[in-house]
Each structure stands twice: as C-alpha cells, then as structure tokens.
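Here the structure is laid out as structure tokens; the discussion comes afterwards.
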Amino acid sequence: CLIIPMDHRCSVRDFDADEMAEVRNFKKSLLRMYDARGQCPVFFEQVLQPGKFRHTFIECIPVENEDAEIFFYNEMDKAESEFKSQTAKRVMSTRGKALQTVIPEAYPYFHVECGLDGGYVKLIEDEERWNRNFGRDVAGGLMESDLFGRVKRSNANKEVLKMKDFLDWFSKYDWTVALDGGSY
1 CLIIPMDHRC SVRDFDADEM AEVRNFKKSL LRMYDARGQC PVFFEQVLQP
51 GKFRHTFIEC IPVENEDAEI FFYNEMDKAE SEFKSQTAKR VMSTRGKALQ
101 TVIPEAYPYF HVECGLDGGY VKLIEDEERW NRNFGRDVAG GLMESDLFGR
151 VKRSNANKEV LKMKDFLDWF SKYDWTVALD GGSY
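153 is the number that the UniProt record's numbering gives to position 153 of the sequence shown; each next residue is one higher, with no gaps.
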C-alpha cells in the first residue's frame, strides 16, 4: 500500500508537523493491522531527482521476517559501494531524529523504517546508477521472491476488488474514522 500526501510534497523531508503526525497515525494503523496477521510492515520512501518536483509517497510492504530492518540496512550499506566516494556516509540512523536534520535539502535519498522509532537513510550519490526498484528488490529478497520485479498490471476489475478487500481489512484499524465526518 502507499501513503500519499494530499498536498504536493517532493519528499517527507518537506512535511510540516501536522503532515508528519498524519503519516505517523497511518503508520500506527498499518502496524496494528499487519501485526494482527503476524507481519511487520516495512515503510520506505525513495526520492530521486528532487529538483523535478515529483510527488512523493511512502510505500508499505508487509513481511514476515523480524530481521527486515537489519536486512535493509545491510543492502543499503552495500548499495553504491563500488562507485561512491570514500568520504560519503554510508547509511545513517534516523532514530530519534527528524528527517530534516539528517537529509540535506534537495538531496536524493532512500529511507526505510520497520516501525515508528526511526530507521535508516541512504543519501544517493549517483542517481544514474541507483537501482530505481531498490526498495521493492530488497523486500523481494527478504521474502525470497522476485514478485516485485515482475509486477504485471491486472485488469481494472481485479484492482477494484483488491482495493475493496484492503479497505475492508483496514477499516478496523483506520484512525480517520474517529475524526469528525470519518466513516466507511
């Protein structure tokens, strides 16, 4: 699933405090939902070409492996290693830190979290060589599946059914129903 801001933002780094609180609430809801099935959601955001003003999103992929965070850390640490500068920081922790303090403005990055307490960020030095499917490929490796590498578009009816199934499942955990006017 995806967490997508209503207002145009190029990265989570650009969110204000209210937007960060909403994202955190959605993450809490997804954590509870996936935890009920014995899964751990991995949240990641990849920002490439920040000067192009693309709309950002946070991808959420549930995994059944409690080692997801260290697996992502290791893969992030290995990424770009053959062509990056010696002075570059490899992977930085975001635990207890706002992304704005860790990531320079208008800099490409990949950020991953396996909970609400922070995670890791990798500043991307060479966007030309960076794997644009990095997050999905790592999640696929974690699940020992190449499913994400071969995503096929299904027909619109199947997509609508999948969306309805997800919403039925998510409705029990959705924090927005408690808001004035929130309902399904």
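From the three backbone atoms N, C-alpha and C, an ideal C-beta is built for every residue, glycine too.
Being a predicted model, the structure only gives us computed values, none of them experimental.
Boundaries of the beta strand (DSSP E) in which F43 is found, first to last residue: Position 43 of the sequence shown, counted from the first residue, corresponds to residue 43. Segment 40-47, the beta strand (DSSP E) holding F43.
Where V47 and R95 are concerned, what is the direct C-alpha to C-alpha distance, given to the nearest angstrom? Residue 47 sits at position 47 when you count from the first residue of the sequence shown. Residue 95 sits at position 95 when you count from the first residue of the sequence shown. Whole-angstrom Cα-Cα distance: 19 Å.
If the criterion is Cβ atoms closer than 8 Å, does the pair G118 and K97 meet it? Along the sequence shown, read from residue 1 onward, the residue named residue 118 stands at position 118. Along the sequence shown, read from residue 1 onward, the residue named residue 97 stands at position 97. Taking 8 Å as the Cβ cut-off, G118 and K97 qualify as a contacting pair.
On the CB-based measure, 16 or more other CB atoms within 10 Å of its CB, does T56 come out buried or exposed? Indexing the sequence shown from 1 puts residue 56 at position 56. Flag for T56 reads buried.
What does a CB cutoff of less than 7 Å around M20 pick up in its chain, not counting 5 residues either side in sequence? Indexing the sequence shown from 1 puts residue 20 at position 20. Cβ neighbours of M20 beyond the five flanking positions: none.
For M143, which residues in the same chain have their Cβ closer than 7 Å to its Cβ, ignoring the five residues on either side in sequence? Position 143 of the sequence shown, counting from 1, holds the residue named residue 143. The residues are V63.
Let me check understanding here. Comparing Cα to Cα, which of E22, H111, N157, G115 lies closest to V138? Locating residue 138 in the sequence shown gives position 138, counting from the first residue. Here the closest residue by C-alpha is H111.
For G51 and P108, I'd like the C-alpha separation in whole angstroms. Here residue 51 corresponds to residue number 51 of the sequence shown, with the count starting at 1. Here residue 108 corresponds to residue number 108 of the sequence shown, with the count starting at 1. The alpha-carbon atoms of G51 and P108 are separated by roughly 9 Å.
Measure from the alpha carbon of Q100 to the alpha carbon of each residue in D126, I3, S11, then state which is nearest. Stepping through the sequence shown from its first residue, residue 100 is reached at position 100. Nearest option by C-alpha distance: S11.
By a C-beta neighbour count over all protein chains shown, 10 Å radius and 16 as the cutoff for buried, is P104 buried or exposed? In the sequence shown, counting from the first residue as 1, residue 104 sits at position 104. P104 comes out exposed.
State the Cα-Cα distance for the pair I124 and I4, rounded to the nearest angstrom. Within the sequence shown, the letter at position 124 stands for residue 124. Within the sequence shown, the letter at position 4 stands for residue 4. About 22 Å.
Taking a contact to mean a Cβ-Cβ separation below 8 Å, would you say R24 touches F15 in this structure? Your numbering for residue 24 matches position 24 in the sequence shown. Your numbering for residue 15 matches position 15 in the sequence shown. Taking 8 Å as the Cβ cut-off, R24 and F15 do not qualify as a contacting pair.
Buried or exposed, going by whether 16 or more other CB atoms sit within 10 Å of the CB of A68? The residue given as residue 68 occupies position 68 in the sequence shown. Buried.
State yes or no: is the C-beta of M91 within less than 8 Å of the C-beta of Y73? Indexing the sequence shown from 1 puts residue 91 at position 91. Indexing the sequence shown from 1 puts residue 73 at position 73. The amino acid at residue 91 is misidentified as Met; the sequence shows Val. Yes, these two residues count as a Cβ contact at 8 Å.
At what residues does the alpha helix (DSSP H) containing E80 begin and finish? Start at 1 with the first residue of the sequence shown, and residue 80 comes out as number 80. Per DSSP, E80 belongs to no alpha helix (DSSP H) and is neither H nor E.
Is DSSP giving V121 helix, strand or coil here? Position 121 of the sequence shown holds residue 121. Looking at V121 - three-state DSSP - the assignment turns out to be strand.
Taking a contact to mean a Cβ-Cβ separation below 8 Å, would you say L2 touches I58 in this structure? Indexing the sequence shown from 1 puts residue 2 at position 2. Indexing the sequence shown from 1 puts residue 58 at position 58. Closer than 8 Å, so yes.
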